[in-house]
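Numbering (my numbering), first residue to last: 90 to 318. Contents: one structure, followed by commentary.
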Ligand SMILES: *Cc1c(COP(=O)(O)O)cnc(C)c1O
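So this is what it looks like as structure tokens:
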């Protein structure tokens with residue numbers, strides 16, 4: 090596994106922040122409206138620690154056990170942890186107890202468990218609904234025409250705070266196609282009550298996502314380098 094030096098991480102974080110700032114300005118948005126979530130899956134705890142020391146506070150993880158192991162090693166930092174991976178219902182207890190945000194809720198059963206299992210001393214869990222925006226058979230997520238119903242049901246759950254939508258579109262050939270897809274997610278968000286968050290845009294398509302109104306970009310490779318598979 091290739092670990093980056095603190096200098097390399099600093100460079101990468103600055104480049105990503107610059108991209109966010111430039112794209113936001115170009116679209117007449119405030120750079121502060123676009124939050125950077127550093128996706129640290131498959132990267133060791135020490136890389137997260139260095140990125141945290143460089144000012145990055147929010148980290149996204151896909152695999153529960155890997156995330157819990159790293160949280161234990163980094164308990165001394167005030168990291169804001171986001172769960173962004175597929176959710177098996179037998180994992181909801183640990184997810185609900187150990188994260189501030191979950192981006193990948195796509196069914197009511199999982200949402201109910203996350204709400205029921207949220208520890209009483211913690212504030213409501215922030216959740217985004219993952220929307221299968223390109224209607225891909227292989228992909229997780231609620232169908233676009235089911236978002237409103239799921240959102241209405243989730244709003245009734247006491248220990249969740251519905252924040253918005255998350256999407257991982259199918260790869261696109263051009264900026265224009267990326268933008269149009271993200272724009273459809275944006276339009277669904279605007280039509281759904283309570284929502285203030287769009288979690289979309291990764292290393293390869295964050296500019297189009299910013300142009301389409303995203304509020305959280307989830308960036309891994311552009312910060313930490315390539316991952317081992
Ligand atoms: C891995 C991952 C990312 C980051 O992808 P990069 O291309 O490395 O920036 C973002 N979101 C999700 C859900 C991921 O699984």
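C-beta atoms are modelled at their ideal positions from N, C-alpha and C, and glycine is treated no differently. A quick note: this is a predicted structure, and the numbers were derived from the prediction, not measured.
Query	Result
Taking buried to mean at least 16 other C-beta atoms within 10 Å of its own C-beta, is residue 162 buried or exposed?	exposed
Touch check for the stretch 232 to 245 and the stretch 287 to 299: three-plus C-beta pairs under 8 angstroms?	no
Contact defined as beta carbons within less than 8 angstroms: I believe residue 311 pairs with residue 275. What is the distance between those atoms, to the nearest angstrom?	Not really, about 22 angstroms apart at Cβ, beyond 8 angstroms.
Quick check: is any heavy atom of ligand 1 less than 7 angstroms from the C-beta of residue 113?	no
Going straight from the alpha carbon of residue 232 to that of residue 125, what length do you get?	26 angstroms
For residue 224, which residues in the same chain have their Cβ closer than 7 angstroms to its Cβ, ignoring the five residues on either side in sequence?	232
For my contact list, residue 200 and residue 249 are in at a C-beta cut-off of 8 angstroms; report their separation, rounded to the angstrom.	6 angstroms
Among 306, 280, 181, which has the Cα closest to the Cα of residue 105?	306
Measuring from the CB of residue 311, is there a heavy atom of ligand 3 at a distance below 7 angstroms?	No copy of ligand 3 appears in this structure; the ligands present are ligand 1.
If the criterion is Cβ atoms closer than 8 angstroms, does the pair residue 183 and residue 218 meet it?	no
CB-CB under 8 angstroms to residue 113, same chain, minus the five flanking residues each way: which ones, in chain order?	119, 120, 122, 123, 299
Out of 169, 153, 160, which one is the CA nearest neighbour of residue 177?	153
What is the DSSP secondary structure of residue 252, counted as helix, strand or coil?	strand
Compare the beta carbon distance of residue 314 and residue 91 with 8 angstroms and say whether it is the shorter of the two.	yes
Report whether the distance from the Cβ of residue 252 to the nearest heavy atom of ligand 1 is below 7 angstroms.	no
If you reduce the DSSP assignment to three classes, tell me which class residue 113 lands in.	helix
Could you tell me if the beta carbon of residue 278 falls within a distance shorter than 7 angstroms of some heavy atom in ligand 1?	no
Could you have a look at residue 145 and say whether DSSP puts it in helix, strand or coil?	coil
Return the bridge partner residues of residue 216 from the DSSP annotation.	191, 251
Which one of 251, 252, 273 has the shortest CA to CA distance from residue 258?	273
Roughly how many angstroms lie between the CA atoms of residue 221 and residue 256, to the nearest whole one?	7 angstroms
Is residue 96 helix, strand or coil when you go by DSSP?	helix
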